[in-house]
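Numbering (this note's numbering), first residue to last: 40 to 272.
Beta carbons are placed, not taken as given, at the ideal position from N, Cα and C, and that holds for glycine.
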């Protein structure tokens with residue numbers, strides 16, 4: 040499942056690495072996709088030395104029937120090697136330049152996620168502990184899911200289940216690795232505040248109202264100076 044930061048989706052993060060696909064390359068270069076797959080299979084041993092060869096089924100079914108189309112995930116070295124096998128034209132050179140730029144940006148994004156994730160995990164543990172400290176009630180067992188969905192809804196506008204459905208993930212798959220570094224940072228800040236509010240036994244609605252105000256403030260403070268001037272801050 041493709042995962043990317045906002046912008047053109049030529050490159051995305053998956054399985055803690057950065058990829059593009061044979062389908063993206065074929066489409067951008069105006070080459071038949073089956074020709075790209077044939078090239079990969081012809082040089083399969085070389086591609087495998089540059090990383091694991093990963094094939095996935097496309098979600099678009101061939102209108103003539105049959106199996107879903109096979110698409111190959113390509114890491115940066117595999118992509119570089121593939122492009123050396125394509126005849127050099129201005130379009131190929133332009134595309135290669137953009138692809139290199141996006142691989143660089145996405146690797147920067149991946150590094151940011153790795154830096155934030157330990158703090159995110161620790162804050163999530165503290166929230167779990169805070170919920171455990173609440174007085175027992177028939178609704179207590181649902182509070183972790185309710186509070187987690189509250190955070191996701193504020194930050195990404197969707198509950199965990201809605202995000203999984205959008206990405207085609209199973210219900211047991213965590214969506215944390217599918218959030219951008221910025222979304223992870225926002226979620227961490229909100230959950231940290233939520234720990235205090237839960238410990239003080241604020242109601243669900245009180246916590247929600249407080250976190251929405253906090254999120255709006257955080258977003259406002261992260262505006263660029265020029266944007267602040269435009270809205271009179």
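Through-space distance from residue 108 to residue 101, alpha-carbon basis: Your numbering for residue 101 matches position 62 in the chain shown. Your numbering for residue 108 matches position 69 in the chain shown. With a pLDDT of 43 at residue 101, under the threshold of 50, the modelled position of that residue is not reliable, and no figure is offered here.
Distance CB(residue 52)-CB(residue 145) smaller than 8 Å: As a position in the chain shown, residue 52 is number 13, starting the count at 1. As a position in the chain shown, residue 145 is number 106, starting the count at 1. Yes, they are a contact pair.
Cβ-based neighbour list, residue 135, same chain, cut-off 6 Å, excluding 5 preceding and 5 following: Sequence index remark: in the chain shown, residue 135 carries index 96 (1-based). Closer than 6 Å at the Cβ level, and outside the excluded window around residue 135, lie 122.
When 217, 215, 200, 216 are compared against residue 209, the one with the closest alpha-carbon: Looking up residue 209 in the chain shown gives position 170. Considering only alpha carbons, the answer is 200.
At least three beta-carbon pairs within less than 8 Å, the segment 189–199 to the segment 219–228: yes
Exposure label - residue 248; buried when at least 16 CB within 10 Å: On the chain shown, position 209 is the one that residue 248 refers to. Exposed, since its Cβ has fewer than 16 Cβ neighbours within 10 Å.
Alpha carbon of residue 55 to alpha carbon of residue 241, nearest angstrom: Position 16 of the chain shown, counted from the first residue, corresponds to residue 55. Position 202 of the chain shown, counted from the first residue, corresponds to residue 241. Looking at the two C-alpha atoms, the distance is approximately 37 Å.
Backbone CA spacing between residue 252 and residue 205 [nearest angstrom]: Your numbering for residue 252 matches position 213 in the chain shown. Your numbering for residue 205 matches position 166 in the chain shown. Distance between the alpha carbons of residue 252 and residue 205 is about 27 Å.
Alpha helix (DSSP H) segment containing residue 167, residue limits: If you number the chain shown from 1, residue 167 lands on position 128. Element bounds for residue 167: 129–171.
Three-state class that DSSP yields for residue 180 in the structure shown: Position 141 of the chain shown, counted from the first residue, corresponds to residue 180. Residue state, collapsed to three classes: helix.
Test: residue 173 CB closer than 8 Å to a CB of chain B: Within the model displayed, chain B is absent; a lone protein chain is all it includes.
Simplified DSSP state of residue 96, which is helix, strand or coil: Your numbering for residue 96 matches position 57 in the chain shown. Note: residue 96 maps to strand in three-state DSSP.
Spatial distance of residue 246 from residue 237 (CA atoms): Taking the chain shown and counting its residues from 1, one reaches residue 246 at position 207. Taking the chain shown and counting its residues from 1, one reaches residue 237 at position 198. So the alpha carbons of these two residues sit roughly 8 Å apart.
6 Å CB neighbourhood of residue 104 in its chain, flanking five on each side removed: As a position in the chain shown, residue 104 is number 65, starting the count at 1. In this prediction, residue 104 scores a pLDDT of 48, lower than 50, which makes its location untrustworthy; no coordinate-derived value is stated.
Buried or exposed by the 16-neighbour rule on C-beta atoms within 10 Å, applied to residue 219: The residue given as residue 219 occupies position 180 in the chain shown. Residue 219 is buried by the Cβ-count criterion.
Alpha-carbon to alpha-carbon, residue 207 and residue 75: For this step, residue 75 is matched to residue 36 along the chain shown. For this step, residue 207 is matched to residue 168 along the chain shown. When rounded, the distance between both Cα atoms is 26 Å.
Closest by C-alpha distance to residue 57, when choosing among 149, 185, 69: Position 18 of the chain shown, counted from the first residue, corresponds to residue 57. When only C-alpha atoms are compared, the closest one is 149.
Cβ shell of residue 179 (< 8 Å), same chain only, five flanking positions each side left out: Mapped onto the chain shown, residue 179 falls at position 140. The residues are 170, 173.
Buried versus exposed call for residue 152 [16 or more other C-beta atoms within 10 Å across all chains shown]: Position 113 of the chain shown, counting from 1, holds the residue named residue 152. Residue 152 is buried by the Cβ-count criterion.
Residue span of the beta strand (DSSP E) that contains residue 51, given as start and end: Looking up residue 51 in the chain shown gives position 12. Element bounds for residue 51: 51–53.
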